[in-house]
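Following: one structure in structure tokens, then a few remarks.
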Amino acid sequence: MTINGNDKSLQIQNIYSVIHNRYVIICQGEKISYFLSGLLTNDASKSCYTLLLSASGRYISDVFLHVIDDKTTIIDASNSKVLDLLSFYKLRNNITLEDISNKCKVIFSNNKLAIPGTICSMSDPRISNFGIRTIITENNCLDDSTSPNLYLSQKYSFCIPDGETDMVSSKSVPMEFGINHLHGINLSKGCYLGQEAIMRTFTQGVIRKHLYQMCSVNKSIALDNIDNGSKILNDKNEPVGTWCSGWQNLGIALLRSEKIQRKTQLTVNNIQVTEKIAPWYPRKILT
Numbered sequence: 004m005t006i007n008g009n010d011k012s013l014q015i016q017n018i019y020s021v022i023h024n025r026y027v028i029i030c031q032g033e034k035i036s037y038f039l040s041g042l043l044t045n046d047a048s049k050s051c052y053t054l055l056l057s058a059s060g061r062y063i064s065d066v067f068l069h070v071i072d073d074k075t076t077i078i079d080a081s082n083s084k085v086l087d088l089l090s091f092y093k094l095r096n097n098i099t100l101e102d103i104s105n106k107c108k109v110i111f112s113n114n115k116l117a118i119p120g121t122i123c124s125m126s127d128p129r130i131s132n133f134g135i136r137t138i139i140t141e142n143n144c145l146d147d148s149t150s151p152n153l154y155l156s157q158k159y160s161f162c163i164p165d166g167e168t169d170m171v172s173s174k175s176v177p178m179e180f181g182i183n184h185l186h187g188i189n190l191s192k193g194c195y196l197g198q199e200a201i202m203r204t205f206t207q208g209v210i211r212k213h214l215y216q217m218c219s220v221n222k223s224i225a226l227d228n229i230d231n232g233s234k235i236l237n238d239k240n241e242p243v244g245t246w247c248s249g250w251q252n253l254g255i256a257l258l259r260s261e262k263i264q265r266k267t268q269l270t271v272n273n274i275q276v277t278e279k280i281a282p283w284y285p286r287k288i289l290t
């Protein structure tokens, strides 16, 4: 698949922002969907959101699959390790892998964009009407963003976990981050790397931690600079969870639900915050 494009006459009417630090890989081969399905948590025969896990079922990277045809799939990943892991597991499969990260940009927009040099595009599958992800050639975008904060605004408004911004590679447990509720795990598909741990959690485990949208009580206090993993404390100075990430006065945190059922004031780094469970959880979890 050839990637090129030099059209500088692009005029974009819709608002969009560039999603930085993404790793884009073209995967080609006769059995590419079969190969990827053996590694990823979702059905690789169609475009989807999915994860690459360790053998112990811990998060390695989130992945957006763009299925072009039965021999070509483009991966939009959050972690540079994905290419190395795919290369390792490729073995003797007749599959080619090409890193095109320096030849393209990942764009997030409110509507589907008609852009010269578009490589592929899909609705973000995590929740309905969240936005559109488009991969375009590097030379086909006049401005870095028409609305630089569009993706961040959507991410924190809907409390969406996003790659290493919120999860820790080789440590985070996918179901604690609700990835199964964000259409990232197919619980009925065949074997894949880390499946045993996922199914054990699903059938036998109790998920005690959930994602919460956080907001500073004093709206003028920004939450951008709080480190991932910072402890969140209740009014008795007891830890009730950990911080994931923040933007402006909003944040995302992983909290133990039973620890915050009573009305309590939470703090992180001595900043008072309120909590609200992520809106995309099923009703049985929300109640």
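Residues are numbered in this note's numbering as their position in the sequence shown, beginning at 1, plus a constant of 3.
Heads up, the beta-carbon is just placed ideally off N, CA and C, and yes, glycines get one too.
Remember, predicted model here, so these are calculated numbers, not experimental data.
CB contact flag (residue i, residue j, <8 Å)
i           : j           : result
residue 278 : residue 263 : yes
residue 198 : residue 162 : no
residue 135 : residue 27  : no
residue 207 : residue 98  : no
residue 100 : residue 93  : yes
residue 233 : residue 246 : yes
residue 50  : residue 70  : yes
residue 103 : residue 29  : yes
residue 118 : residue 77  : no
residue 238 : residue 166 : no
residue 130 : residue 283 : yes
residue 120 : residue 140 : yes
Residues of its chain near residue i, where Cβ-Cβ distance is below 6 Å and the 5 sequence neighbours each way are ignored
i           : result
residue 2   : For the chain, the structure presents residues 4 to 290; residue 2 sits outside this window and is missing.
residue 333 : Only positions 4 to 290 of the chain appear in the structure, and residue 333 is not among them; the question remains open.
residue 276 : 217, 219, 269
residue 286 : none
According to DSSP, residues forming a beta bridge with residue i
i           : result
residue 2   : Residue 2 falls outside the range modelled here, since the chain spans only 4 to 290, and no answer is possible.
residue 70  : 76
residue 108 : 139
residue 232 : Bridge partners of residue 232: none, in fact.
residue 101 : 29
residue 213 : 258
residue 278 : 217
residue 283 : Paired residue(s): none; residue 283 is not in a bridge.
Same chain only: Cβ atoms within 7 Å of residue i, ignoring 5 sequence neighbours per side
i           : result
residue 12  : Residue confidence is low: residue 12 scores 35 on pLDDT, short of 50, so the model does not pin down where it sits. No coordinate-derived value is stated.
residue 200 : 59, 60
residue 132 : none
residue 83  : 26
residue 225 : 251, 252
residue 151 : 20
residue 90  : 100
residue 157 : 133, 134
residue 174 : 61
residue 126 : 135
Presumed contact (8 Å Cβ cut-off) between residue i and residue j, rounded CB distance
i           : j           : result
residue 170 : residue 204 : Contact doesn't hold; Cβ gap of about 15 Å is too wide.
residue 280 : residue 219 : About 18 Å; that fails the 8 Å criterion.
residue 19  : residue 155 : About 13 Å; that fails the 8 Å criterion.
residue 272 : residue 229 : 5 Å
residue 231 : residue 248 : 6 Å
residue 244 : residue 266 : Between residue 266 and residue 244 the Cβ distance is about 16 Å, and since that is not below 8 Å, they are no contact.
Residues near residue i by beta carbon distance below 8 Å, same chain, minus five either side
i           : result
residue 180 : 62, 164, 169, 170, 214, 257
residue 223 : 252
residue 25  : 79, 80, 81, 104, 109
residue 227 : 249, 250, 251
*Kindly confirm or deny that the region 250 to 266 and the region 184 to 203 touch, where touching means at least three C-beta pairs closer than 8 Å.*
no
*Kindly confirm or deny that the region 40 to 56 and the region 105 to 121 touch, where touching means at least three C-beta pairs closer than 8 Å.*
no
*Using 8 Å as the threshold, is the region 109 to 124 in touch with the region 53 to 66, meaning 3 or more CB pairs across them?*
no
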